[in-house]
Amino acid sequence: MDEDELLNGEKIEKVLSPHPLSFMRYQSLSLFLIIWGILLLWLVNFSEWNNIFSQSEWFPIIVWGLVLLVAGVIASIVTIRWSIFFLYLLIFAGGIALMISQGWLDASDIFIPSYTVSISIIGFLLVEAYRQSHKYYISNQRITFKGGIFTKQERTLRYDKITDINAKQGIIGQIFGFGTIIPISQSGFGLGSDKSFAGGGVSLGEKKVKLFGLFGGGKDVQTPRARSYYELHGVYPYKEIKKLVEQMVQGNVITPYQQEQVAFQKEQVDIQKQMRDLLKMQSGSKIDQKGEEENSE
Amino acid sequence: MEASSIDIVVFAPLAPILGVLLFWFIQLVFIESEKYLLSKIRSKHEPFCRFTNFLGILFQTICHALGFTITKSGISNFYIDIDYGKVAPKKERKGIFEWVSNVFLFIGPFFIPAFLLLICLFFLMTSGFEIINPSQLQELRYTFGEQITSFGANLFSFTNGFFNFLFNIDLLHPAHFGFLFLMIFLGMGIRPSYIGKEKKEKVDMLYDLKNIKNLFINKPIYLIILFVFAYIFFYISLWLGTNWYVAFFVILGWLSIISLVSIIIADIILVLIKTTDEISGKWKVFPYLTIPTSYLVGRIFFFYIPTDFTRPMSILILILSTITVTYILIKRKTDKFKTKSDIKKLKKKRKGVKDG
């Protein structure tokens, strides 16, 4: 954060970035590719089943694609994110397109593993670049979140606007001491929703009369969720940062007792002001009386 | 020599039980060594120790949950983190059900990880499992001595096959490499006690044993029932002329052997970590780099000059090169092996420089 971005009297307490392992859900996609690439290299070239693969250049491609797409479907269902499946589909389609266009179909036993491993390395690098684009500044007045490789995202949150703090730590986070802190603002920024839908249809009658009914029901649950550049994603040391943020919020948010005290003090000030005015008025009238008396004398 | 009936009726069933107990105690001693090594490296490798703690707690919690499932108590709450694990039953069951759940909790972590490895070994090992076939052992007499011999013979056959597999392990084979990885991974978790953040209390073998002792002392009747079942099982085996009784305990022996080897391999890795911690800077990475490099060099060398022992020789090269590199680094980069005469020489030299 540049000097000119700081507010009057603002002091930076901590500058943070996500822990290298905090984007494991993305890294695991690349990790799977690298493992599958090496496994395929062994399977096609060195295993006892390599004869099966040498029968046709399409066999390694079919096995590679099948495993890749099945893994994509499983990962998508588990994480409820179809982008994973489409990503793997893109990798598969890209590989085939490259092989056909370059005429490398004969060398599929070497090309596919090399291609898979190369893609996974690129994936790792992209995730790392994305991680490094994140910066969180905790100052005495606000938290500033910055992130994004090409499009720069920024969020500024004053402590008095924070209503809740959600904190979570997965198993890897617990082992390495990092975690995610989501400050939820009064406007509801930092909240997402989990949707579930159940539907069913029924068809009655076979020949002439046909009845069709569709029943559905949906459920919406509010849950703390934000993009990694709108939350303190995978910050280390988690416990220390969580305490710091809570202290900052505590220091900037007025408690009910303090509110009562302020109201009471205001009341006192008003009474004093009224008394002062009365005294002024009294002393004013006395002076007037004296003046009148002097005039009459 | 004729076997006495008292030997067959009273002592023979005890033979495999004693055999299993012996192995289990050896396992406990090795677990203690693992805990000691982990506590030594804790200050420098906090995440690593947290990870091993998590593994230990994970197995313990799974065993507890398994206990509740088997006793049909149900599970109402399953909580696990790196410091603590808790499983709460749906129904609070007393008596034998509670006792069985506790048996799973205290003894399960010693055997469940090994059982997972045993399943993997079943697909990887080429020999070692075949000897437990009862028909091959029908001629055995059912005395204490013969039972213990049978137990030992079965165990030897498995151990032979297992070590044969380990010495011939192909680290370029994904299944073999995966097995070794899993073995180290599970080896770190075969311990029922947590290693504390600070030295709050001494959690050691005695603590574990105390828990198990209390379990048996508080409800001796269940222990007696267990023995009665064991004796009945033995008599049925005797009546049918089979060796099922020993075969059952042999499986527990196999699990102990697998656990022992896993812990030993995990201990070797912990010793390597502890030793390399003494080397400062980038040099400490070299012993770890030597492991894959030396193995690959060995495999390439024996690929061009083939021998009958390519894999064991490559493993041997890996071990020797790692030890050598670590030794050289310790000698050169630390004061570990500096003898008194060396220090005297150094002092003289320094004195000479000062005077000169």
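Line by line, the protein sequences are chains A and B.
Take the first sequence: its position 187, counted from the start at 1, is 170 in the working numbering, and no numbers get skipped.
Whatever position you read off the second sequence (first residue = 1), add 14 for the working numbering.
Ideal Cβ placement from N, Cα and C applies to all residues, glycine included.
Note that the coordinates shown come from a computational prediction; the quantities given were computed from them, not determined experimentally.
Cα-Cα separation, residue i to residue j
i        : j      : result
A:E(-4)  : A:Y119 : 11 Å
B:K354   : B:K363 : 14 Å
B:N147   : B:I84  : Low confidence applies here, because B:N147 scores a pLDDT of 46, under 50, leaving its location unreliable and the question unanswered by this model.
B:F143   : B:F137 : 11 Å
A:F42    : B:T324 : 31 Å
A:L88    : B:I333 : 41 Å
B:F73    : B:F193 : 18 Å
B:F177   : B:A102 : 40 Å
A:A80    : A:I95  : 12 Å
A:G86    : A:L24  : 20 Å
A:S11    : B:R64  : 21 Å
A:F6     : B:K86  : 40 Å
A:K222   : A:G160 : 8 Å
B:E215   : B:S53  : Because the pLDDT at B:E215 is just 48, under 50, the model does not fix this residue reliably, and the value given afterwards should be weighed accordingly. When rounded, the distance between both Cα atoms is 13 Å.
B:L169   : B:W268 : 7 Å
B:D21    : B:E160 : 11 Å
A:L16    : B:I235 : 56 Å
A:E(-14) : A:V218 : 23 Å
B:G175   : B:M139 : 7 Å
B:I121   : B:D349 : 44 Å
B:F241   : A:S211 : 59 Å
A:T206   : A:I164 : 13 Å
B:I278   : B:E292 : 22 Å
B:S171   : B:E106 : 44 Å
B:C77    : B:I126 : 7 Å
A:V(-2)  : B:D95  : 28 Å
Contact set between residue i and chain A, taken where Cβ atoms lie within less than 9 Å
i     : result
B:P61 : I158, F159 and G160
Contacts of residue i in chain B (Cβ-Cβ under 9 Å)
i     : result
A:W25 : L186, H187 and P188
Rounded Cβ spacing between residue i and residue j (contact assumed at less than 8 Å)
i      : j      : result
B:S328 : B:Y309 : 6 Å
B:L343 : B:F300 : 6 Å
B:G33  : B:I162 : 6 Å
B:A26  : B:F158 : 5 Å
Identity of the residue in the options nearest residue i by Cα
i        : options                           : result
A:H2     : A:Q241, A:E111 and A:E137         : A:E111
A:I21    : A:V252, A:T99 and A:A150          : A:T99
B:P306   : B:D281, B:G295, B:Y318 and B:S335 : B:S335
A:A150   : A:Q38, A:R64, A:E214 and A:M82    : A:E214
B:S141   : B:F179, B:A167, B:F158 and B:S164 : B:F179
A:I346   : A:I126, A:G156 and A:I154         : No answer is possible for residue 346 of chain A: it lies beyond the span of chain A, which begins at -16 and ends at 280.
A:S116   : A:H216, A:F75 and A:L174          : A:H216
B:K100   : B:S19, B:G88, B:I71 and B:N257    : B:I71
A:L(-10) : A:L51, A:S122, A:F107 and A:W65   : A:S122
B:V285   : B:A26, B:F37, B:S18 and B:E48     : B:E48
B:T290   : B:I319, B:P27 and B:H59           : B:H59
B:A167   : B:N257, B:I110, B:I204 and B:P123 : B:N257
B:V24    : B:A244, B:R56 and B:D322          : B:A244
A:G(-8)  : A:Q251, A:Q124 and A:T238         : A:Q124
B:S57    : B:K358, B:F351, B:I287 and B:K298 : B:I287
A:Q169   : A:E275, A:L108 and A:V236         : A:V236
A:I109   : A:V252, A:Y240 and A:Y9           : Looking at the sequence shown, residue 109 of chain A is not Ile but Leu. Selected option, being the one with the closest Cα: A:Y9.
B:R346   : B:V367, B:K358 and B:S294         : B:S294
B:R313   : B:T304, B:I331, B:K296 and B:W253 : B:I331
Contacts of residue i in chain B (Cβ-Cβ under 8 Å)
i      : result
A:I154 : F68, D95 and I96
A:L22  : P188
Contacts that residue i makes with chain E (C-beta to C-beta distance below 7 Å)
i     : result
B:F65 : Among the protein chains of the structure shown, namely A and B, there is no chain E.
Three-pair Cβ contact test at 8 Å for the region 123 to 137 of chain B versus the region 253 to 269 of chain A = no
Does the region 229 to 238 of chain A come close enough to the region 136 to 152 of chain A to have 3 or more Cβ pairs within less than 8 Å?
-> yes
For the 8 Å Cβ check, are there 3 or more pairs between the region 33 to 53 of chain B and the region 256 to 275 of chain B?
-> yes
Taking three-plus beta-carbon pairs below 8 Å as touching, is the region 29 to 41 of chain A in contact with the region 124 to 140 of chain A?
-> no
When the Cβ atoms of the region 225 to 235 of chain B are set against those of the region 112 to 125 of chain B, are three or more pairs found closer than 8 Å?
-> yes
Cβ contact check for the region 50 to 66 of chain A and the region 120 to 132 of chain A: 3 or more pairs under 8 Å | no
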